[in-house]
Amino acid sequence: MKILFTLFIYFILADAALAQSDGSINYQAIVRDNNGVVIANHTVSFRFSILHNGISGTMVYEETQAGLTNQFGLITLALGGGTAISGNFSSIDWSSGSYWLKTEMDPEGGSSYILMGTEKFLAVPYANYSKTAGSVANAGPGLTNVRALSQSQIDTLNAIAGSVVLNTTTNCLNYFTGSSWMELCGNCTPQPTPANAGQDQTLTVNETVLSANTPSSGTGHWEIISGTDGILDSPADPQSNFTGTLPGIYTLRWTITNECGSSADDVTISFVNPLPPSSDNLVFAPYVDCTLWPNFDIGNVAETGVYHYTCAFIVDDQFTAGANPCWGGFSTLLMDYYQDKITSLRSQGGDIIMSFGGANGIELAYAASNEFLARDAYKTVIDAYSLTSIDFDIEGFLVADAASILRRSKAMKLLQTEYPGLKISLTLPVLSSGLTNDGLAVVQSALSQNVDLSSVNIMAMDYGGSGIDMGNAAISAGEALFLQLKTLYQNAGQSLSDSLIWRKIGVTPMIGQNDVPGEVFYQSDATDLAAWAVEKNINRLPMWSINRDRQCSAPGDPLFSCSHVTQTLYEFAGIFKSVAVTP
Numbered sequence: 023m024k025i026l027f028t029l030f031i032y033f034i035l036a037d038a039a040l041a042q043s044d045g046s047i048n049y050q051a052i053v054r055d056n057n058g059v060v061i062a063n064h065t066v067s068f069r070f071s072i073l074h075n076g077i078s079g080t081m082v083y084e085e086t087q088a089g090l091t092n093q094f095g096l097i098t099l100a101l102g103g104g105t106a107i108s109g110n111f112s113s114i115d116w117s118s119g120s121y122w123l124k125t126e127m128d129p130e131g132g133s134s135y136i137l138m139g140t141e142k143f144l145a146v147p148y149a150n151y152s153k154t155a156g157s158v159a160n161a162g163p164g165l166t167n168v169r170a171l172s173q174s175q176i177d178t179l180n181a182i183a184g185s186v187v188l189n190t191t192t193n194c195l196n197y198f199t200g201s202s203w204m205e206l207c208g209n210c211t212p213q214p215t216p217a218n219a220g221q222d223q224t225l226t227v228n229e230t231v232l233s234a235n236t237p238s239s240g241t242g243h244w245e246i247i248s249g250t251d252g253i254l255d256s257p258a259d260p261q262s263n264f265t266g267t268l269p270g271i272y273t274l275r276w277t278i279t280n281e282c283g284s285s286a287d288d289v290t291i292s293f294v295n296p297l298p299p300s301s302d303n304l305v306f307a308p309y310v311d312c313t314l315w316p317n318f319d320i321g322n323v324a325e326t327g328v329y330h331y332t333c334a335f336i337v338d339d340q341f342t343a344g345a346n347p348c349w350g351g352f353s354t355l356l357m358d359y360y361q362d363k364i365t366s367l368r369s370q371g372g373d374i375i376m377s378f379g380g381a382n383g384i385e386l387a388y389a390a391s392n393e394f395l396a397r398d399a400y401k402t403v404i405d406a407y408s409l410t411s412i413d414f415d416i417e418g419f420l421v422a423d424a425a426s427i428l429r430r431s432k433a434m435k436l437l438q439t440e441y442p443g444l445k446i447s448l449t450l451p452v453l454s455s456g457l458t459n460d461g462l463a464v465v466q467s468a469l470s471q472n473v474d475l476s477s478v479n480i481m482a483m484d485y486g487g488s489g490i491d492m493g494n495a496a497i498s499a500g501e502a503l504f505l506q507l508k509t510l511y512q513n514a515g516q517s518l519s520d521s522l523i524w525r526k527i528g529v530t531p532m533i534g535q536n537d538v539p540g541e542v543f544y545q546s547d548a549t550d551l552a553a554w555a556v557e558k559n560i561n562r563l564p565m566w567s568i569n570r571d572r573q574c575s576a577p578g579d580p581l582f583s584c585s586h587v588t589q590t591l592y593e594f595a596g597i598f599k600s601v602a603v604t605p
């Protein structure tokens, strides 16, 4: 959940009958920080939306504008005089039903707005109090004719909602809400109870009971921020029943408001299709980019729930002659790197698959002049990390380089002769129609050298088009791979049963936004792929990558750091590992 504590309190003063020459409404706000202290002499950006007939009504107008607070934290804007985003302010029919103002604010530039609240317009003409005598010095623009009264006078004042006076006892502006006076300077108390919308939920049914906190100061209200066809039975009830579609992901906001401001908190409700029972054979081993900083801690099983990882990537140190392994092409990251995290994972019953190659860097078989030198380079890594399973991620120009393909195949056979039981997998690019001709040649080369492949793992990602159903595309690629492997093994003189062919298959999607714009692998795609993987009893179900299994903090976050879809932490891992074997 994401805490959004309010920074200000506001009130709206309607100019007489909206009949001014500019047809605008005078909007004034006191901007405060989280502690209720006014923020003076600071530029603040606003986004205003006018809604017809309720807080969930039709938006008839939206605009943005910015202004500078004065020494009291007061800002005055002309609603209707900003930069229009949609609608026409002058064409609003104010006599038709009720109108509500949704206010969003960004105290730092106008790019990331925070919802401050949605309130009904008060039909209180500014002229009701502006005609009174008693000019107030230094009150700021728009408040040059506010009455100056003592606290005792205010206590007996027969005020109407929207009245504003200067309290000469406290030297503070006071605003009448209709039921009580609100102090607009100093530290407003009591602040609203900090909102807590409850824990994020992932459910296999399409309804749930929410669990927000009951305010001790202020009143609460639920609002659906994102998601379609959601229904809140009782928006004012912190334990309201919520119903949505299955599958579907929703963001709900619980806002607590009182005279001093409001506090808001978001919760994510995910309705997902139920998954089949876990397979005793299917291994979920997500890729982890071990060279990113700060390092991802694969030993943190208590948080991730993941016991198996595919560690990426070991490549050649191009600054040294011959085939010399290092991590990610960094000469300083040698075979002592990442040892502590691997040891921690193994102490909890987990293990790793070490992956050689990847999209960047030079694979060791390309750097080696023969299969024996390639074998020795691989052995250095196997011995350093006590490996029982290795993976060769062959892509880019290397997937078509015949010389290094043959060297690698021969080296793999040498390794399996020296390390009986060593599991070797190939990871290759794929189309939704299966392996490319280059990929088929890589597998065929390994089989021709009698390499015992534990699996052929396809990279179900970056197909090159937009608007693709990525779950269906991954399943289609897996189905095509089955037929291709069946033919390849038959041509190699090995007649395997269908069940054994399925056990040779691994499928790796790129979760969330792929490198190709318009290709997005959603949680629903993960659910579909996981169900298919169990049905077919395939070998491996990795993903790229565990580093990305989190929601981004901002739209511009780099693709390697997060998924760029709405999600909970490790949500994709939770879907996949629920159907896979664990220690």
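Residue numbers (the working numbering): 23 to 605. Cβ coordinates follow ideal geometry from the N, Cα and C atoms, glycine included.
Same chain, Cβ closer than 6 Å to residue i, neighbours up to 5 away in sequence not counted
| i | result |
| --- | --- |
| Phe318 | Val310 and Asn569 |
| Asp302 | Val603 |
| Phe598 | Phe306, Ala552 and Leu563 |
| Ala106 | Glu85 |
| Ser585 | Ile533, Gly534 and Arg570 |
| Ile560 | Trp524 and Ile527 |
| Trp203 | Asn196 |
| Gly252 | Ile246, Gly266 and Tyr272 |
| Gln370 | Val323 |
| Asp460 | Val421 and Ala422 |
| Leu507 | Ile523 and Lys526 |
| Ser411 | Ile375 and Lys445 |
| Ser353 | Asp339 and Phe341 |
Close-in-space but distant-in-sequence residues of the same chain around residue i (CB under 8 Å, 5 per side omitted)
| i | result |
| --- | --- |
| Val601 | Leu297, Pro298, Pro299, Ser300, Ser301, Leu304, Phe306, Ala552, Ala553, Ala555, Val556 and Leu563 |
| Leu581 | Gln535, Asp537 and Arg570 |
| Gln466 | Leu510, Asn513 and Ala514 |
| Gln573 | Cys584, Ser585, Val587, Thr588, Gln589, Thr590 and Leu591 |
| Tyr485 | Leu453, Ser454, Ala495, Val538 and Glu541 |
| Leu367 | Ile320, Gly321, Val323, Tyr329, Tyr331, Asp373 and Ile374 |
Per DSSP, cross-strand counterpart(s) of residue i
| i | result |
| --- | --- |
| Ala482 | Pro531 |
| Ile136 | Met127 |
| Cys348 | Val337 |
| Thr80 | His74 |
| Ser284 | Thr279 |
| Glu141 | Leu123 |
Residue burial classification, residue i (beta-carbon count within 10 angstroms, cutoff 16)
| i | result |
| --- | --- |
| Val82 | buried |
| Glu245 | buried |
| Trp315 | exposed |
| Glu385 | buried |
| Gln173 | exposed |
| Asp37 | Reliability fails at Asp37, whose pLDDT of 31 lies under 50, so the model's placement of it is uncertain and the value that follows must be treated cautiously. With 16 or more Cβ atoms within 10 Å of its Cβ, Asp37 is classed as buried. |
| Lys142 | exposed |
| Thr607 | In the structure as shown, the chain begins at 23 and stops at 605. Residue 607 is therefore absent and cannot be evaluated. |
| Gly131 | exposed |
| Pro605 | exposed |
| Phe543 | buried |
| Gln87 | buried |
| Asn189 | buried |
| Thr178 | exposed |
| Ala155 | The predicted position of Ala155 is uncertain, since its pLDDT is 30 and thus under 50; no value can be drawn from it. |
Close-in-space but distant-in-sequence residues of the same chain around residue i (CB under 7 Å, 5 per side omitted)
| i | result |
| --- | --- |
| Thr273 | Ile247, Ser248, Gly249, Asp288, Thr290 and Thr588 |
| Ser262 | Leu232, Trp244, Leu254, Asp255 and Ser256 |
| Asn75 | Gly119 and Ser120 |
| Met492 | Pro531, Glu541, Val542, Phe543 and Asp547 |
Short Cβ contact (9 Å threshold) for residue i with residue j
| i | j | result |
| --- | --- | --- |
| Asp423 | Tyr400 | no |
| Ile336 | Phe378 | yes |
| Leu510 | Leu462 | yes |
| Asn280 | Pro212 | yes |
| Val403 | Met376 | yes |
| Leu99 | Asn63 | no |
| Glu417 | Pro442 | no |
| Phe594 | Lys558 | no |
| Gly596 | Thr224 | yes |
| Tyr49 | Leu96 | no |
| Asp413 | Asn479 | yes |
| Tyr135 | Ser67 | yes |
| Ala334 | Ser477 | no |
**Q.** Minimum length 4: unbroken alpha helix (DSSP H) runs contained in the stretch 396–453
**A.** 424–440
Q: Please list the segments of the beta strand (DSSP E) lying wholly inside the stretch 172–243, counting only runs of 3 or more residues, in order along the chain.
A: 186–189, 194–198, 203–205, 223–225 and 229–231
Q: Report the residue ranges of all beta strand (DSSP E) runs contained in full by the stretch 295–342; include only those spanning at least 3 residues, in chain order.
A: 309–311 and 330–338
Q. If you scan the stretch 544–578 from start to end, which runs of the alpha helix (DSSP H) of 4 or more residues do you find wholly inside it?
A. 545–558
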